[in-house]
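Participant: Below is a structure I'd like to ask you about.
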Amino acid sequence: MPQSEPADARMRACGVAEKSGAVQSLWLPRPRSPGPGEILLDVLAAGVGPWDLLPASGSWDVGLRLPAALGVEGAGRVVAVGPDVTAPAVGDLVLAHSAPLPGHSGLWAEQVLLRAADAAPLPEGLDPARAAALPINGLTACQALDWLDLSSGMHLLVTNGAGVTGALALQLAVAAGVQVTATASPRSFDRLRRLGATDVIDYHRPAWPREVGRVFDAALTAAPGTAATAAELVRPGGRLCSITSDAPAASAELASTDLYVRPDAETLAVLADQLRDGVLDLPTEVLPLDEGPSAFDRSSKGLTGGSKLVLRVTGPASSDTMPA
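Reminder that position 144 of the sequence shown reads as 425 in this note's numbering, one-by-one numbering, no gaps.
Here it is, written out as structure tokens:
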């Protein structure tokens with residue numbers, strides 16, 4: 282008779298069983314042992330974002346082999362390392378955005394294989410669930426601002442300034458001396474002003490582009506469908522970066538790009554320190570792993586209220602909202 286599979290050979294996960302299939306709770310085989318350049322992580326928490334819709338539908342190839350867990354960011358404890366890995370070490374707490382995924386399955390699971398080079402140390406005193414909220418949004422904001430090449434005193438327009446990425450970009454730009462105008466709904470105005478926005482504009486108003494009252498040195502568009510409008514508000518010779526894949530064509534008068542986030546452990550370590558120290562404001566809603574399907578649905582529909590959704594893989598199995 283064939284031997285039954287050991288109970289600990291499988292793990293809880295949330296992902297997709299087939300291409301374009303529904304996001305669901307799964308039981309998956311545990312990852313193999315890490316190879317060269319890889320680490321095995323006990324996942325503590327993993328971020329949820331609208332980008333997770335892309336691997337789920339097959340539109341973003343992160344190396345999934347179905348059935349597989351979703352999730353390309355999170356935090357956890359290293360439990361094994363590949364033969365050539367000197368850092369991080371077994372027992373270290375880390376956070377990461379990693380893609381492609383060497384184990385062909387993501388972080389919405391009890392364990393995951395990651396590239397060691399993508400992992401940043403988790404600062405002492407930073408809750409792993411808060412850390413898991415940071416990687417993709419934080420790195421996207423940093424990489425967009427780096428491309429925009431702003432200097433102190435310049436004027437930046439951010440659309441969807443109350444979104445997670447937009448609000449992080451606003452804070453990082455203000456810290457660099459940039460004057461930021463953000464579009465948002467009125468319920469977010471007070472928070473964005475507290476974060477340092479010079480002006481806030483109600484994007485519901487059809488005439489908002491004419492009401493801005495200035496020309497910008499650059500624009501970061503974080504709301505789908507706003508890049509073309511924002512481009513008209515950027516001065517000749519200015520720059521526009523879209524994170525929603527709708528940047529207008531570059532021209533002699535406008536440098537323009539669509540930005541797609543890249544893993545960067547060094548920058549992520551700096552951002553994690555800033556989050557731990559309270560320099561960055563990042564509202565986070567933490568949910569248990571078995572609520573992954575509903576978290577995915579809310580995130581893909583933009584129903585998060587400006588908070589980042591995080592799945593807590595281990596620990597309390599109840600919803601909670603963490604302070605910014």
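Don't be surprised by glycine CBs; every beta carbon is placed ideally from N, CA and C.
Got a sec? Which residues, its chain only, sit under 7 Å from Ser-379 by beta carbon, not counting five neighbours each side?
Facilitator: Your numbering for residue 379 matches position 98 in the sequence shown. Taken in chain order, the residues that qualify are Val-353, Leu-395, Arg-396, Asp-399, Pro-544.
Participant: Cα-Cα, which of Asp-558, Glu-547, Gly-318, Leu-429 is closest to Leu-535?
Facilitator: Taking the sequence shown and counting its residues from 1, the one referred to as residue 535 is at position 254. Of the candidates Asp-558, Glu-547, Gly-318, Leu-429, the one whose C-alpha sits nearest the C-alpha of Leu-535 is Leu-429.
Participant: Please report the straight-line C-alpha distance between Val-481 and Ala-370, rounded to a whole angstrom.
Facilitator: Taking the first residue of the sequence shown as 1, we reach residue 481 at position 200. Taking the first residue of the sequence shown as 1, we reach residue 370 at position 89. Taking the straight line joining both Cα atoms gives about 45 Å.
Participant: Based on the DSSP output, what are the partners of Gln-392 in its beta bridges?
Facilitator: Here residue 392 corresponds to residue number 111 of the sequence shown, with the count starting at 1. In the DSSP output, where bridge partners are listed per residue, Gln-392 has Asp-323.
Participant: For Ala-400, which three-state DSSP category applies?
Facilitator: Mapped onto the sequence shown, residue 400 falls at position 119. Strand, per DSSP.
Participant: When we look at the beta-carbon of Ala-294 and count the other beta-carbons within 10 Å, is it buried (16 or more) or exposed?
Facilitator: As a working note, residue 294 is residue 13 in the sequence shown. The residue in question, Ala-294, is buried, as its Cβ has 16 or more Cβ neighbours within 10 Å.
Participant: Can the beta-carbon of Leu-426 be found less than 8 Å from the beta-carbon of Ala-401?
Facilitator: Taking the sequence shown and counting its residues from 1, the one referred to as residue 426 is at position 145. Taking the sequence shown and counting its residues from 1, the one referred to as residue 401 is at position 120. No; because the gap between Cβ atoms is not below 8 Å, this pair is not in contact.
Participant: Check whether the stretch 408-423 touches the stretch 473-480, counting contact only when three or more Cβ pairs, one atom from each stretch, lie closer than 8 Å.
Facilitator: Because the criterion of three Cβ pairs below 8 Å is not met, the stretch 408-423 and the stretch 473-480 do not touch.
Participant: Rounded to a whole number of angstroms, what is the C-alpha to C-alpha distance between Thr-510 and Lys-589?
Facilitator: Locating residue 510 in the sequence shown gives position 229, counting from the first residue. Locating residue 589 in the sequence shown gives position 308, counting from the first residue. Thr-510 and Lys-589: Cα-Cα distance of roughly 27 Å.
Participant: For Ile-482, report the span of its beta strand (DSSP E) as first-last.
Facilitator: Working through the sequence shown from its first residue, we reach residue 482 at position 201. First-last of the beta strand (DSSP E) with Ile-482: 480-483.
Participant: Can you check DSSP and say which residues form a bridge with Cys-522?
Facilitator: Here the question's residue 522 lines up with position 241 in the sequence shown. Bridge partners of Cys-522: Leu-501, Thr-538.
Participant: What would DSSP say about Pro-517, mapped onto helix, strand or coil?
Facilitator: Taking the sequence shown and counting its residues from 1, the one referred to as residue 517 is at position 236. It is a strand residue.
Participant: Looking only at its own chain, which residues have a Cβ that is under 6 Å from the Cβ of Val-360, when we skip the five neighbours before and after it?
Facilitator: Within the sequence shown, the letter at position 79 stands for residue 360. Only Leu-321, Asp-323 meet the Cβ criterion.
Participant: Locate the beta strand (DSSP E) running through Gly-339, then write down its first and last residues.
Facilitator: Your numbering for residue 339 matches position 58 in the sequence shown. No beta strand (DSSP E) holds Gly-339; DSSP gives it neither H nor E.
Participant: Determine contact between the stretch 380-393 and the stretch 519-534, defined as no fewer than three beta-carbon pairs at a distance below 8 Å.
Facilitator: No: the two stretches stay apart, fewer than three of their Cβ pairs being nearer than 8 Å.
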